[in-house]
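Engineer: Dumping the structure here so I can ask a few things about it.
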Ligand SMILES: Cc1ncc(C[n+]2csc(CCOP(=O)(O)OP(=O)(O)O)c2C)c(N)n1
Ligand SMILES: Cc1ncc(C[n+]2csc(CCOP(=O)(O)OP(=O)(O)O)c2C)c(N)n1
Ligand SMILES: [Mg+2]
Ligand SMILES: [Mg+2]
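Okay, structure coming up:
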C-alpha cells in the first residue's frame, strides 16, 4: 500500500472523486491559480479547469452560499475554508441554512456539500488562527462532522463526505498535513498506509487503532495519534491501552468505546483544545451514563487549556493536550478508587 | 417585593443601570422608535435619547462591532439581537473578536459589553427562529454566558452583566418573557418576586431553587422552571427533588450541584434543546467525573430532540424537554440499582 | 409606458386573476390567524400590495425549462404565482401534514421543488447567497436559464448581500435579484437605515446591470422582466431589478395595530391603498382595453374568495404531521 | 502637486527617518524569520513598500488628544509610526514577555493602548466593524477626534465592511477608512476579485466622502490627510481614503519564493521597487529642497539598521512569558 502524507491523501480523495463524478467541484480562496494555500490543490486548475476549480474573493459567506445553492440544484460542491477558523463569518449560512434546509422544507431538498479546511491548534498562529472548533458545528442537527486522524481516513472519509447527500463539515488536522509517512510509521507500523483506489470509509464507525486491555483511550483527529504515542509510552510500563479513534463526531459511534470499556473498565477521553462544552464532554457523559456499571474509576478527560491560543511557543505548547497529559490521565484512572 | 414579568425585570435592570451609569447605552434593531420588538425598551428612546438608544439597520455584524469598539474605548454597550438566533451572522465578531481581544493583546484592552436577546424554543417560530444555542457561545474562552430563569435573576444578572468588564452573552428565555407573575407564584410562591433596587446577582453561583433529599435536578433558564414543575409533580408521589438553577454557564458553578449529589446520590441534568454536544453534556460529565463515588445511579440527561425545530404545534411540543420528561428521568434514576 | 397599449390580453387576464387570488388567499390567512383556531402560529407575513411583483416576474419564467427562484419569508405569493396548489400552501401555513413542507416549515418556509421554487427563508439576507449557487449551477450545466432571488430592502444591509452580488458579477452567473422595496424593514424606513437611499445606485459597487421600476404596475413589471430574462439567457450575466412597492398590512400579522403608532401614518397607508393598489391599477388597464368587464371583476373576486375558503377547508380537513415525522428529514 | 514645494522640512525629515527605520526593522524581522532562531513562528506579514501610508497618516493624528487607529495583521509599521518603542514590538514578533502583547499575540496582534493603537487583527475585514465602535465612542463623548481604520483591498469583499460603512455614514461618526490598495489579496489580483475594480467608486454605495490618492508619496499622503482630519473634526462624518500602493515582499514571509511563480512577475516587482519606493520618492523630494543630503541619507540608513539590530537584541535578551501567563488575561 502507498504511504502518503495526510495532505496528499486528502488531495488524492478529492482528485479521484472529481475524475469519477462530473458534478463535484472545488470552490475557495487561492484553490486554483495559487495551487492551494498549502498546495493541496496543486495542478487541479490545470486538470479540471476554471468552472470546477473556482477561485473566489475573500467572501466566506458567498463561498458557502454558492455551495448550498449548487448542492440544492444537484451538484456536489466542496467549499474550502482556507482555515476552518474562517468559517465563522459564514456561520449563519452553515448552521442556519445548510443544516436546516432539508428539515424545514419537509425533505423536498437535499444539500450534498462538503465544507472543509485545515483546523486545530499550533504552529504559532495565535488566537484567531489556531482553534479546534468542531464541537461548534457538531451541536447542530443536519450537519455531519468528520475528523480524520490518519492518511487513510483523510482519503477515505473525504470520499464518503463528497458522496454523502448531507452537508458535511470536514475538520482536517493542520498538524497532520505535512507529517512525513516515516514519522507515522515510527509511531505505529502501517499508520501512513493508504489503500489504493475507491475506498470510502463509512461514517459513524469508530476505529480501534490499537488493542489493549487496561484502559480505553477515546480520541479523534490529531489527538488519536497523540493517544497512540501515549500508548507506546504506557506499554513500556506494562500498561496496555486500547486506542479508539472516533473518526466522526456526527454520527457518533459510542457502541465501540462502550464495548471496549466493558473490557477495560477504565476510560480516558482526549480532546485537542477547550474542554468546557467541548466534544469530549459528550463522550465522557455518555460513557458514564451508559457504561456506569462497567466503570471501575471515573472517566478522565484530557483537554487543552480554556484560553485563546497564545503565540509564544512555550505558552502555546502548554495550551493543548499532548501525549504526556494522556499518560498522566491513564495513570490517574488506574490509581483511581 | 414587587412581582414582575421576566421581560419587565430585564427592562428594569437596563433602565436603572442606564440611569446610574452614563457610559451604558443600548444598540439594536427596533430598540428605539419602535419601542422594542417586544416592547422591552418601551419609553427608552424618550428617556435616554438617540445617542444612547441606537436604532440600527439589519446589520448584526455592525451592531456587534459597534459594541466591541465602544467597549474597548471605555463605554458599556448593550447590543440587542432581536433574537439571539440572529447572532449567527455576527458569530465571527463575537467569538473571534470580542472573546479574544483581551488575551491576544496581553491584557491591554477590556471589552465590557453585553450581547443579549430572547432565545430558546417554541411559539411555532420554526427552524431558524427557535433555538437554544447557548452552548455554542459557552465553548469560547473570553465570553461569559448567562441564562436567567426567574424575574429576579433576569434583573439581577442583567445588572451584573452590564457591570462586568468582560463580554457577556445574556441568553434570555423568550418562553419566560411574558409569563404572568401569578402563573409563576402558582409553581412556587415568591418565584416572580424581584427585590427592589440595586441587587446584582453574582456570576458563578448556582441557585438552589428548591431543597430536596431524593434526587438532584440540575437545569438553567426556562428548564429550571420546568424542573420546579416536575418537582411539584414528584412531591405528590413522595419524591423530594432538589432543584438547582445553574444561572451562568461560564463561569460554571459545579460545587453546588456536586454538594447536593453528595446528599441525594442521584442526578438529572436538563437542557431545553439539542443534547448532542450541548451544555448538559458538560454538566453530566463533570458530575460523573467528580462525583463518581457519590452516585448511586447513572446521571440521566433530559434534552430536546436532535432536530431543527418543526413548525407544527404537535411536532414542536415533542421537540423540546418538558416537566413530564423530567419526572420520567427522575423515576429512572430512582429505579436504577 | 408605450408597451401598455398592445399587450397579450389572455396573459394579463390570468395575471389579474392570480393577483386577486393571492390577495384573497392572504386575507383568509389573516382572518384565520385572528380567529386562532386553524393551527397558524408564529409569524405570518402578508404580501398584500406587492402582488404584481411575484406574479409579473414568476410569470415571465420558464419553470419547466430550468428557470428557478428563491425568496424570503414573505413567501406565500411566490408559490401561488408559480401555480402551486393553494391547498398545500394553506396547509403549510396551518402546520398540516398535507402542507408543501409537511407542516414542518410554516408560513416562512413555503417551497415547491417541482415548480423550481427553492423556498422562503427567515434570516434576512440569508437566501441571497444561495441564489448565487443556484445560478452557478445553471452556468455549470450551460443551461439557458435564470435564477430569480426575491428579497426586501432590509436585506441590502446584510453583509451576505454584498459578498454575493460581487461574486455573481465576477462569475457572470444568470441571477436576477429582485428588490421588493416597500419602504420599510419592519418599522425602519429606508431613510433611517440606508446611507444611500437610492438602492439601485448602491449596486454600482458591483458594476451590475440594474434598473428601477414601478412594482405596482403588472404590465411594467412583466414586460420589463420578459426582456431582461431574454437578454440574460442570450448573454449570461446577473441583473439587479428594484421594484418600487408598498406593504398594505403590518410587517407581520402581529404588528397590524402597532404600525400606525410607531412608524407610519394611517393616512400614508390609505393613500397607498387608494392610488398604488396593483390590483386596481391592473383592473383599470384591463377595463380600458376591454380585457375586463365590471361583471368579470366581480366574478373573479368571488372565485378568489371561494378558492381561498376551499384552501382553508382543505387545510382544516388535513391531519397534523404524525409524531414519527419529528425525526425524519434531518438527514437523508 | 503644488503643496510639495513648501512643506515643513522637520516634519518630513522625521517621516523619512521613520520610513527608513520601519523598512530596516522589517528586513531584520525577515532575516530573523529565515534564520529561525529568534522565536518568530507562524505568519510574518511585511509592510515594505507601503510605509508612506502608515507614517503619513498616523503622523497627522493627535494621539494625545483622543485620535486613535486600528489595523489589520500587516501591522508592525502602525506601531512604529505612532512612536511605540521598537524593542517591545520586535519582542512581540518574537513571542517574548517584554512584547507589547506580552508575547501572546505575535506579529499579527501588535498594539499600544497608550498611543491609541487598538491593535492588529487577523481576520480579514474583522477590524472594520470595531472601528465603527471606536468612532461611535468619540461621537458619544463629543470628542473632536477621529478613528482611523487601516485595511487591505481584500477586506472590501467581506460583508463586515459593507455593514460597517453604511452604519458609519448613517451615524456620521468620525471614522477614516484607509484602504491600502496594493493590488493583491494574497495571490488574488483586484481584477480577479472585485467586479468593480475602482474601489473608491464602490463606496458610493454609502454616500461617503471619498478620495483616491498616490500612497507612495509621503507628502501627498500627509498633506491630504491633514486636511481630511481637520475637516472631520470640524464636521464629524466618515471618510474613505484609497491609497494606491504596492507590496514589495510576498504576502507573508512564507510565500516569498512562490509569489513570482503563481501570481506576479519578478519584472513587476522590480519595476515597482525602482519607481514606486516611498523611501526613494521621499528622498528625491527632500534632496530637491535641501532637507536631505547624501551624507544624511547614509547616516539615517545606518542608524535605522543599528536601531533594528538593537530591537532584535532587546528581544533576544528578553525572557519568554512565564508559564503562569497562560491562564491570565482571559477574563478581567
Ligand atoms: C439576520 C436577521 N436579523 C433580523 C431579523 C428580524 N426581521 C425579520 S424580517 C425583518 C425586516 C425585513 O425587512 P425587508 O428586508 O425590507 O423585507 P420586508 O419585510 O419589508 O418584505 C427583520 C428585521 C431576521 N429575520 N434576520
Ligand atoms: C475571513 C478571512 N479569510 C481568509 C483569511 C486568510 N487571509 C489572510 S490575509 C489574506 C489576504 C488579504 O489581502 P488584503 O486585504 O488585500 O491585505 P494585504 O495582505 O494585501 O495587505 C487572506 C486571504 C483571513 N485571515 N480571514
Ligand atoms: Mg421592506
Ligand atoms: Mg492587498
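Residue numbers (our numbering), protein chains in the order written: chain D, 169 to 505; chain S, 169 to 505; chain E, 6 to 337; chain V, 6 to 337.
Beta carbons are placed, not taken as given, at the ideal position from N, Cα and C, and that holds for glycine.
#1: Residue 136 (chain E) and residue 152 (chain E): beta carbons closer than 7 Å?
#2: Can you tell me where the alpha helix (DSSP H) holding residue 441 (chain D) begins and where it ends?
#3: Can you give me the C-alpha to C-alpha distance between residue 171 (chain V) and residue 208 (chain V), rounded to a whole angstrom?
#4: So, is residue 461 (chain D) buried or exposed, given that buried needs 16 or more other C-beta atoms within 10 angstroms?
#5: Does the beta carbon of residue 272 (chain D) come closer than 7 Å to any beta carbon on chain S?
#6: Verify the CB distance criterion: does residue 229 (chain D) have a CB-CB separation below 7 Å to chain E?
#7: Are the segment 139–151 of chain E and the segment 69–80 of chain E in contact at 8 Å, needing three or more beta carbon pairs?
#8: With the cut-off set at 7 Å, would you say residue 474 (chain D) and residue 289 (chain D) are in Cβ contact?
#9: Please state whether DSSP places residue 421 (chain S) in a helix, a strand or coil.
#10: Alpha carbon to alpha carbon, how far is residue 198 (chain D) from residue 127 (chain E)? Give it in angstroms, no decimals.
#11: In terms of alpha-carbon separation, which member of V:147, V:149, V:114, V:148 lies closest to residue 132 (chain V)?
#12: Apply the 10 Å Cβ neighbour rule to residue 8 (chain E) and answer buried if 16 or more other Cβ atoms are within range, or exposed otherwise.
#13: Restricting to Cα atoms, I'd like to know which of S:408, S:275, S:305, S:435 is closest to residue 252 (chain S).
#14: Could you check whether the Cβ of residue 213 (chain V) sits closer than 7 Å to any Cβ belonging to chain S?
#15: Note down, in chain order, every chain E residue with its Cβ under 8 Å from the Cβ of residue 481 (chain S).
#16: Any heavy atom of ligand 1 closer than 6 Å to the CB of residue 482 (chain S)?
#17: Determine the burial state of residue 337 (chain E): buried for a count of at least 16 other Cβ atoms within 10 Å of its Cβ, exposed for fewer.
#18: Using a C-beta cutoff of 7 Å, does residue 335 (chain V) count as contacting chain S?
#19: So what does DSSP say about residue 245 (chain D), is it helix, strand or coil?
#20: Roughly how many angstroms separate the alpha carbons of residue 181 (chain D) and residue 333 (chain V), rounded to a whole number?
#21: Got a sec: which bits of the segment 459–485 of chain S sit with their beta carbon under 7 Å from any beta carbon on chain D, in order along the chain?
#22: Could you confirm whether any beta carbon from chain D is found closer than 7 Å to the beta carbon of residue 194 (chain V)?
#23: In or out: residue 13 (chain E) buried (at least 16 other Cβ within 10 Å) or exposed?
#24: When Cβ atoms are compared, which residues of the segment 329–342 of chain D fall closer than 8 Å to chain E?
#25: Which residues in chain S sit within 8 Å of residue 320 (chain E), going by Cβ to Cβ distance?
#26: Grab me the residues of residue 505 (chain S)'s own chain with a C-beta within less than 8 Å of its C-beta, minus the 5 sequence neighbours each way, in chain order.
#27: In the DSSP output, which residue or residues are listed as bridge partners for residue 338 (chain S)?
#28: Is the Cβ of residue 488 (chain D) closer than 7 Å to any Cβ of chain S?
#29: Does any CB atom of chain D fall closer than 7 Å to the CB of residue 507 (chain S)?
#30: Does DSSP classify residue 6 (chain E) as helix, strand or coil?
#31: At a cut-off of 6 Å, would you count residue 158 (chain E) as near ligand 3, judging by its Cβ distance to the nearest heavy atom?
#32: Taking a cut of 7 Å between CB atoms, which residues from the segment 151–174 of chain V lie near chain S?
#33: Take every Cβ of the segment 84–95 of chain E, pair it with every Cβ of the segment 181–199 of chain E, and state whether three or more of those distances are shorter than 8 Å.
#34: If you pair each beta-carbon of the segment 443–462 of chain S with each one of the segment 272–287 of chain S, do three or more pairs fall below 8 Å?
#35: Given residue 65 (chain V), which residues of its chain have a CB within under 7 Å of its CB, disregarding the five upstream and five downstream residues?
#36: Using the rule of at least 16 other Cβ atoms within 10 Å of the residue's Cβ for burial, across every protein chain shown, is residue 97 (chain E) buried or exposed?
Structural biologist: Based on what the coordinates show:
#1: Position 131 of the third chain, counted from the start, is the residue given in the question as residue 136 (chain E). Position 147 of the third chain, counted from the start, is the residue given in the question as residue 152 (chain E). It is a contact, given that the beta carbons lie within the stated cut-off.
#2: Within the first chain, numbered from 1, the residue matching residue 441 (chain D) stands at position 273. That residue, residue 441 (chain D), is in no alpha helix (DSSP H); its beta strand (DSSP E) goes 435–442.
#3: On the fourth chain, position 166 is the one that residue 171 (chain V) refers to. On the fourth chain, position 203 is the one that residue 208 (chain V) refers to. If you take the alpha carbons of residue 171 (chain V) and residue 208 (chain V), they lie about 9 Å apart.
#4: Counting from 1 along the first chain, the entry for residue 461 (chain D) is found at position 293. Residue 461 (chain D) comes out exposed.
#5: Within the first chain, the letter at position 104 stands for residue 272 (chain D). Yes, contact with chain S.
#6: As a first step, residue 229 (chain D) is located in the first chain; it is residue number 61 there, counting from the start. Yes, residue 229 (chain D) counts as interfacial toward chain E.
#7: yes
#8: The residue labelled residue 474 (chain D) in the question sits at position 306 within the first chain. The residue labelled residue 289 (chain D) in the question sits at position 121 within the first chain. Going by C-beta atoms, residue 474 (chain D) is not nearer than 7 Å to residue 289 (chain D).
#9: Walking along the second chain from the start, residue 421 (chain S) turns up at place 253. Residue 421 (chain S) falls in the coil class under three-state DSSP.
#10: What you label residue 127 (chain E) is simply residue 122 of the third chain in a count that begins at 1. What you label residue 198 (chain D) is simply residue 30 of the first chain in a count that begins at 1. Whole-angstrom Cα-Cα distance: 32 Å.
#11: As a first step, residue 132 (chain V) must be located in the fourth chain, where it is residue number 127. Of the candidates V:147, V:149, V:114, V:148, the one whose C-alpha sits nearest the C-alpha of residue 132 (chain V) is V:114.
#12: Numbered from its first residue, the third chain carries residue 8 (chain E) at position 3. Any reading at residue 8 (chain E) must be qualified, since the residue scores a pLDDT of 48, below 50, and its modelled position is unreliable; the value itself is stated next. It is exposed - the Cβ of residue 8 (chain E) has fewer than 16 other Cβ atoms within 10 Å.
#13: Stepping through the second chain from its first residue, residue 252 (chain S) is reached at position 84. It is S:305.
#14: On the fourth chain, position 208 is the one that residue 213 (chain V) refers to. With 7 Å as the cut-off, residue 213 (chain V) does not count as an interface residue toward chain S.
#15: Taking the second chain and counting its residues from 1, the one referred to as residue 481 (chain S) is at position 313. Residues of chain E passing the Cβ test: 44, 46, 100, 325.
#16: Residue mapping note: residue 482 (chain S) aligns to position 314 of the second chain, counting from 1. The answer is no for residue 482 (chain S).
#17: What you label residue 337 (chain E) is simply residue 332 of the third chain in a count that begins at 1. Exposed, since its Cβ has fewer than 16 Cβ neighbours within 10 Å.
#18: As a position in the fourth chain, residue 335 (chain V) is number 330, starting the count at 1. By this cut-off, residue 335 (chain V) is an interface position.
#19: Translated into positions along the first chain, residue 245 (chain D) becomes position 77. Strand, per DSSP.
#20: Within the first chain, numbered from 1, the residue matching residue 181 (chain D) stands at position 13. Within the fourth chain, numbered from 1, the residue matching residue 333 (chain V) stands at position 328. Distance between the alpha carbons of residue 181 (chain D) and residue 333 (chain V): 43 Å.
#21: 460, 466, 467, 469, 474, 475, 476
#22: The sequence position of residue 194 (chain V) within the fourth chain is 189, counting from 1. Judged by the 7 Å Cβ criterion, residue 194 (chain V) is not in contact with chain D.
#23: On the third chain, residue 13 (chain E) is found 8 positions in, with the first residue counted as 1. The residue is exposed, with fewer than 16 neighbouring Cβ atoms inside 10 Å.
#24: 333, 334
#25: Residue numbering aside, residue 320 (chain E) sits at position 315 when the third chain is read from its first letter. Under the 8 Å cutoff, chain S gives no residues; its nearest Cβ is about 12 Å from residue 320 (chain E).
#26: Here residue 505 (chain S) is taken as the residue at index 337 of the second chain, counted from 1. Residue confidence is low: residue 505 (chain S) scores 38 on pLDDT, short of 50, so the model does not pin down where it sits. Its coordinate-derived value is still stated next. These residues qualify, in order along the chain: 464, 465.
#27: For this step, residue 338 (chain S) is matched to residue 170 along the second chain. Paired residue(s): S:284, S:314.
#28: Within the first chain, numbered from 1, the residue matching residue 488 (chain D) stands at position 320. Closer than 7 Å: no.
#29: Because residue 507 (chain S) is not part of the residues shown, which for chain S are 169 to 505, the question remains open.
#30: Within the third chain, numbered from 1, the residue matching residue 6 (chain E) stands at position 1. The predicted model places residue 6 (chain E) with a pLDDT of 43, which falls under 50 and marks its position as unreliable; any figure quoted below should be read in that light. DSSP places residue 6 (chain E) in coil when its eight states are reduced to three.
#31: Taking the first residue of the third chain as position 1, residue 158 (chain E) is located at position 153. Yes; taking the cut-off as 6 Å, the Cβ of residue 158 (chain E) has a heavy atom of ligand 3 nearer than that.
#32: 164, 165, 168, 169, 171, 172
#33: no
#34: no
#35: For this step, residue 65 (chain V) is matched to residue 60 along the fourth chain. These residues qualify, in order along the chain: 227, 230, 231, 234.
#36: Counted from its first residue, the third chain places residue 97 (chain E) at position 92. That one is buried.
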